[in-house]
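Trainee: Reading the sequence shown from the start, the letters are residues 35 to 282 in my numbering.
Structure in C-alpha cells, see below.
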Amino acid sequence: MDAGSGASSASSAPDAGGAAQQTGGPPRPPAVAPPGEAALPDRLWTVPNVLSLARLAGVPVFLWLVLGLHANGWAVVLLALSAATDWLDGKIARAFHQESRLGQVLDPAADRLYIAATLIALAIRGIIPWWLVGLLAARELVLGVALLRLRSHGYQPLQVSFVGKAATLCLLYAFPLLLLGAYAGPAATVARVAGWAFGIWGTALYWWAAGLYLAQTRQLVHPAVMVKAPGGNAQAGAESERMGRGDG
35 MDAGSGASSA
45 SSAPDAGGAA
55 QQTGGPPRPP
65 AVAPPGEAAL
75 PDRLWTVPNV
85 LSLARLAGVP
95 VFLWLVLGLH
105 ANGWAVVLLA
115 LSAATDWLDG
125 KIARAFHQES
135 RLGQVLDPAA
145 DRLYIAATLI
155 ALAIRGIIPW
165 WLVGLLAARE
175 LVLGVALLRL
185 RSHGYQPLQV
195 SFVGKAATLC
205 LLYAFPLLLL
215 GAYAGPAATV
225 ARVAGWAFGI
235 WGTALYWWAA
245 GLYLAQTRQL
255 VHPAVMVKAP
265 GGNAQAGAES
275 ERMGRGDG
C-alpha cells in the first residue's frame, strides 16, 4: 500500500519563511512535502506501481462479479488478491527502494477506490447497511478537505500511517467474509460474525487514522509561533501558547 510519501528538507523551511517576511508577507512553506522526510523520485514503471495499477484494473471486474453475476466466490478470490498485492507493494517499495511520488498517490487511491466500490456493491446487495457506507464516506470527505488544506499551503499528501494500513487491511478482510456470510449454513454464520468484527474494528481504526492525519495537518499549516508574553520572554510566551492548545 505504502509506496512512499512526499517530503522536503527541514533546512528549506526557515529560508522560505525569512524570504516571505522580508517582503512583508507571512511565512510560507516550500511547495513540497512536510519537512523531515526524504524527497521521492518521479518514477513510473516500478513493481509497486504496477501492482497498484493491477488493483485498480480489478475494481470493475469485482463490481461485475458481485452485481452482475452474483459470483460471490470469485469476488472473494479477487478481494484476497487485492489484499495480498496491497501488502506486497509496500514491502517491495521499502525493500528495494522503489518509492515514487506516483506510488505515494496511486497506492492509497487504489485502496480507497476498492473500499468504495466494495461498500457500494455490498450495500446494493443488502449485505451491509447504507449507514456504514455513509460513515466511511464521511471519513473520506474529511480527509479530502484536509488534503486541500495541505495543498493550499504547498504540501504534498502525508505518508499513510500504520493505523491507516491496519484499518484498510481490516476492511479488506471484512468484505470477503461478509460476502461469504451471505450464504446459508453454519459456516456462513461464522464468516458473517467474523466479517462484522473486522468491519467494526476497521471502521474505528479508519477514523483513528483520520484523526492522526488531521493532527499532522494542523501542525503543518498552523506551526507554533514564538510570541512574547506580558512581563516574560518569547520562550515563555511560546510555552504558554503550547499549553493552551493542550499539547503539554
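Cβ atoms here follow ideal geometry from the backbone N, Cα and C, with glycine treated the same way.
Every value quoted in this text rests on a predicted model; they were computed, and no experiment measured them.
Considering Ile-162, what are the terminal residues of the alpha helix (DSSP H) in which it resides?
Mentor: From DSSP, Ile-162 is part of no alpha helix (DSSP H); its letter is neither H nor E.
Trainee: What is the rounded straight-line gap between the Cα of Asp-120 and the Cα of Trp-235?
Mentor: 19 Å
Trainee: Indicate whether Leu-239 and Ala-225 have their beta-carbon atoms separated by less than 8 Å.
Mentor: no
Trainee: Skipping 5 residues on each side, what residues in its chain have a beta carbon closer than 7 Å to that of Leu-169?
Mentor: The beta carbon of Leu-169 sits closer than 7 Å to the beta carbons of Thr-237 from its chain, once the five residues preceding and following it are set aside; these are given in chain order.
Trainee: Is Phe-130 buried or exposed, if buried means 16 or more other CB atoms sit within 10 Å of its CB?
Mentor: exposed
Trainee: Inspect the CB distances between the stretch 190 to 204 and the stretch 244 to 253 and report whether three or more fall short of 8 Å.
Mentor: yes
Trainee: What first and last residue would you give for the alpha helix (DSSP H) that runs through Trp-235?
Mentor: 220 to 255
Trainee: Here's the rule: buried if 16 or more other CB atoms are within 10 angstroms of the residue's CB, otherwise exposed. What is Ala-144?
Mentor: buried
Trainee: Evaluate Gln-253 with the Cβ neighbour count: other Cβ atoms within 10 Å of its Cβ, from every protein chain shown; 16 or more gives buried, anything less gives exposed.
Mentor: exposed
Trainee: Output the residue ranges of the alpha helix (DSSP H) runs that lie fully inside the stretch 173 to 215 and measure 4 residues or longer, sorted by chain position.
Mentor: 196 to 214
Trainee: Among Phe-196, Ala-201, Ala-228 and Leu-85, whose alpha-carbon lies nearest the alpha-carbon of Leu-136?
Mentor: Leu-85
Trainee: Measuring alpha carbon to alpha carbon, tell me which residue in Arg-159, Leu-87 and Gly-92 is nearest Leu-101.
Mentor: Arg-159
Trainee: Between the stretch 106 to 122 and the stretch 205 to 220, do three or more beta carbon pairs fall short of 8 Å?
Mentor: yes
Trainee: Quick one: grab the DSSP three-state call for Gln-132.
Mentor: coil
Trainee: Counting along the chain, where does the alpha helix (DSSP H) carrying Ala-91 start and finish?
Mentor: Its alpha helix (DSSP H) spans residues 81 to 97.
Trainee: Could you tell me if Leu-99 is buried or exposed, where buried requires 16 or more neighbouring beta carbons within 10 angstroms of its beta carbon?
Mentor: buried
Trainee: Any idea if Arg-173 is buried or exposed, counting beta-carbon neighbours within 10 angstroms, 16 or more meaning buried?
Mentor: buried
Trainee: Taking C-alpha atoms, which residue in Ala-88, Val-167 and Glu-133 lies nearest to Ala-117?
Mentor: Ala-88
Trainee: Whose C-beta lies closer than 7 Å to the C-beta of Gly-198 among residues of the same chain, with five residues either side of it excluded?
Mentor: Ala-243
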